[in-house]
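In the UniProt record's numbering, the protein residues as written are 1 to 236. As structure tokens, the structure follows; a few thoughts come after it.
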């Protein structure tokens, strides 16, 4: 998963010793099977047109969550919808508004779908990185931070991949909190494991290769992120 805008199929074919046609066919097969679901631009909306990106954290009835998520995607201004396998805040909607009145319009549209907006915050910055097993062979091994969102105030959401030799690997959430591996104001709000999402509880074990979503109103510290990476990064 690297920037391939200036990389042609023949160039990729040379690197992996197959024909350019094979490369194009394999990409087409991945698209047909919905493994590759799209190619998305990363846009700083505030810098582009002084628009306001806003994250709505919503509660949706579990039985209707998938249907509501589909309907939310067609609301003008909505750019991302994420379904979470949790009891509360199980639907995150990222929307972009021209001003606060535009954001209120989007909030009303979400409420009309039958969701409860539990919290909403302005997004300061968002950074997305490649999932390390799919990244370039010469990429950094300790790049465990896969997604990062700065919210209004000091609040932050970070998505990290657990390294096999990370300090937090093999410990429960409550034990990680007791040992200060997780700071007091850091919450584990979701864990992706294999092809499923685990609802986190105090006794939930954090395992290697889990993708863990963290939320902190005071900001996710570098030390906390380092505890999810390998020993070299955690000790540095």
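Backbone N, C-alpha and C fix where the C-beta goes; we use that ideal spot for every residue, glycine too.
Assuming the contact rule is C-beta atoms closer than 8 Å, residue i and residue j should be a hit. Round their C-beta distance to whole Å, please.
i, j, result
"residue 72", "residue 113", "6 Å"
"residue 165", "residue 230", "5 Å"
"residue 177", "residue 206", "Between residue 206 and residue 177 the Cβ distance is about 11 Å, and since that is not below 8 Å, they are no contact."
"residue 93", "residue 110", "6 Å"
"residue 54", "residue 118", "Not quite, the Cβ-Cβ distance comes to about 14 Å (not below 8 Å), so this is no contact."
Taking the alpha helix (DSSP H) that residue i belongs to, which residues open and close that run?
i, result
"residue 21", "20-32"
"residue 103", "100-112"
"residue 45", "45-49"
"residue 176", "173-178"
"residue 226", "222-226"
Mark residue i as exposed unless 16 or more other C-beta atoms lie within 10 angstroms of its C-beta, in which case mark it buried.
i, result
"residue 25", "exposed"
"residue 241", "Any answer about residue 241 is impossible in this case: the structure gives the chain only from 1 up to 236."
"residue 19", "exposed"
"residue 266", "Since the displayed the chain opens at 1 and closes at 236, residue 266 lies outside it and no answer follows."
"residue 62", "exposed"
"residue 36", "exposed"
"residue 74", "exposed"
"residue 163", "buried"
"residue 89", "buried"
"residue 77", "buried"
"residue 28", "exposed"
"residue 51", "buried"
"residue 208", "exposed"
"residue 171", "buried"
Looking at residue i: is its Cβ nearer than 8 Å to the Cβ of residue j?
i, j, result
"residue 45", "residue 96", "yes"
"residue 159", "residue 211", "yes"
"residue 204", "residue 173", "yes"
"residue 187", "residue 145", "no"
"residue 148", "residue 161", "no"
"residue 197", "residue 191", "yes"
"residue 83", "residue 65", "yes"
"residue 91", "residue 106", "no"
Ends of the beta strand (DSSP E) at residue i?
i, result
"residue 148", "145-151"
"residue 64", "Counting along the chain, residue 64 falls outside any beta strand (DSSP E), and DSSP gives it neither H nor E."
"residue 85", "Run containing residue 85: none; DSSP gives neither H nor E here."
"residue 196", "196-198"
"residue 117", "116-128"
Check whether the segment 203-219 touches the segment 153-163, counting contact only when three or more Cβ pairs, one atom from each stretch, lie closer than 8 Å.
-> yes
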